[in-house]
Amino acid sequence: MKIAATIILLHGLIHLFGVITFWKIGLHEHYSTKVLGGAMDIGEKGVYVLGFVWLVATIAFTIAAYGMFTDQDWWQTGLFAAATYSLVLTVLAWKDAIFGTLINLSILVALLLT
Numbered sequence: 091m092k093i094a095a096t097i098i099l100l101h102g103l104i105h106l107f108g109v110i111t112f113w114k115i116g117l118h119e120h121y122s123t124k125v126l127g128g129a130m131d132i133g134e135k136g137v138y139v140l141g142f143v144w145l146v147a148t149i150a151f152t153i154a155a156y157g158m159f160t161d162q163d164w165w166q167t168g169l170f171a172a173a174t175y176s177l178v179l180t181v182l183a184w185k186d187a188i189f190g191t192l193i194n195l196s197i198l199v200a201l202l203l204t
């Protein structure tokens with residue numbers, strides 16, 4: 091369970107790339123105000139909010155990983171919520187987050203099968 095929790099934590103931390111990009115901290119070559127594969131332009135303020143939304147995903151996965159590490163009763167519910175939330179985000183940033191979509195779907199399938 092500790093290895094799985096570590097993988098979940100790392101997956102959550104990868105969401106920081108969204109924060110770094112959308113807040114223009116780094117990774118400027120990926121910066122864009124367009125989401126949904128370029129179909130919708132949400133503007134500078136929208137992208138800043140989107141960066142915060144990605145930060146929430148990082149926090150959600152961190153909390154879920156903590157629940158797994160400490161064998162809390164709620165960790166599966168927390169992980170399901172985090173993966174579902176993240177799945178929505180990966181659709182918004184489809185071009186850069188397709189691999190994250192596959193990971194989130196794998197997490198959700200694994201949870202549904204347990």
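Take 91 as the starting number for the sequence shown in the numbering used here and just add one per residue.
Positions of the beta carbon are idealized from the N, C-alpha and C atoms, including for glycine.
Treat the numbers as computed from the prediction; the structure is a model and nothing was measured.
Exercise. Would a C-beta distance cut-off of 8 Å place G190 and T180 closer than the cut-off?
Worked result: The residue given as residue 190 occupies position 100 in the sequence shown. The residue given as residue 180 occupies position 90 in the sequence shown. For G190 and T180, yes; Cβs fall inside 8 Å.
Exercise. DSSP three-state call for K124: helix, strand or coil?
Worked result: Locating residue 124 in the sequence shown gives position 34, where the first residue counts as 1. The answer is strand: DSSP assigns K124 an E or B state.
For this session: Only counting runs of 4 or more residues, tell me where the alpha helix (DSSP H) segments fall wholly within the segment 118 to 180, in order along the chain.
Result: 133 to 159
For this session: Within its chain, find whatever has a CB closer than 8 Å to the CB of A152; leave out the 5 residues flanking it on each side and keep chain order.
Result: Sequence index remark: in the sequence shown, residue 152 carries index 62 (1-based). Looking at the sequence provided, one finds Thr at residue 152 rather than Ala. Once the five neighbours on either side are set aside, the close Cβ partners of T152 are L99, G102, L103.
Exercise. Apart from the five residues on each side of it in sequence, which residues of its chain come closer than 6 Å, Cβ to Cβ, to G116?
Worked result: Along the sequence shown, one-based indexing puts residue 116 at 26. Cβ within range, chain order: I110.
Problem set entry | N- and C-terminal bounds of the alpha helix (DSSP H) containing H105 | For this step, residue 105 is matched to residue 15 along the sequence shown. Careful: H105 lies outside any alpha helix (DSSP H) and carries neither H nor E.
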